[in-house]
Amino acid sequence: MVSYEKISLISEKTYNKVWLANLKNSDTIVVVKEISNANTDVLNSVASIKNIHIPNILSCETNGDITTIVEEYISGMPLDSYIKDKQLSEPEIISLRSEEHTSELQSHHDL
37 MVSYEKISLI SEKTYNKVWL ANLKNSDTIV VVKEISNANT DVLNSVASIK
87 NIHIPNILSC ETNGDITTIV EEYISGMPLD SYIKDKQLSE PEIISLRSEE
137 HTSELQSHHD L
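With my numbering applied, the sequence shown closes on residue 147, and no number is skipped along the way.
This is the structure:
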């Protein structure tokens, strides 16, 4: 398990908590997700994907019914905010999403 120090709670729902954290002995910011009853097979599959559109999973550990995932923090604007900010047309949105899906499909094919 990767050692980290929680900085602040980003989100809390009935089935999960998401924290912003620092890796110990480092200035590296990460995201820590605590998920109840997670499908670890799916998480392990996602962890093997290396794609710029998917944060890299650094660690995934289950203790009881809680799975803790430590993943890289990616700064930037959420896609919906980007679309609104850039005032993209429908064809531009479709093109943008198509590029992402093509890249994701290539990553799955490479597995």
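We treat Cβ as the ideally placed atom computed from N, Cα and C, and that holds for glycine.
- Under DSSP, N99 forms a beta bridge with I102.
- Of the other Cβ atoms in all chains shown, 16 or more fall within 10 Å of the Cβ of T103; this residue is therefore buried.
- Remark: C-beta atoms of I71 and L56 do not approach each other more closely than 9 Å.
- Within the model, the alpha-carbon separation for D121 versus G112 is close to 13 Å.
- For the set N73, H89 and S95, the Cα lying nearest the Cα of N80 is the one of S95.
- For S81, the uninterrupted alpha helix (DSSP H) run begins and ends at T76 to A83, by DSSP.
- At the C-beta level, N58 and T50 stay beyond 9 Å of one another.
- Straight across, the Cα-Cα distance linking S125 with I110 is about 26 Å.
- I119 and I129 have their alpha carbons spaced roughly 7 Å apart.
- In the three-state reduction of the DSSP assignment, I130 falls in the helix class.
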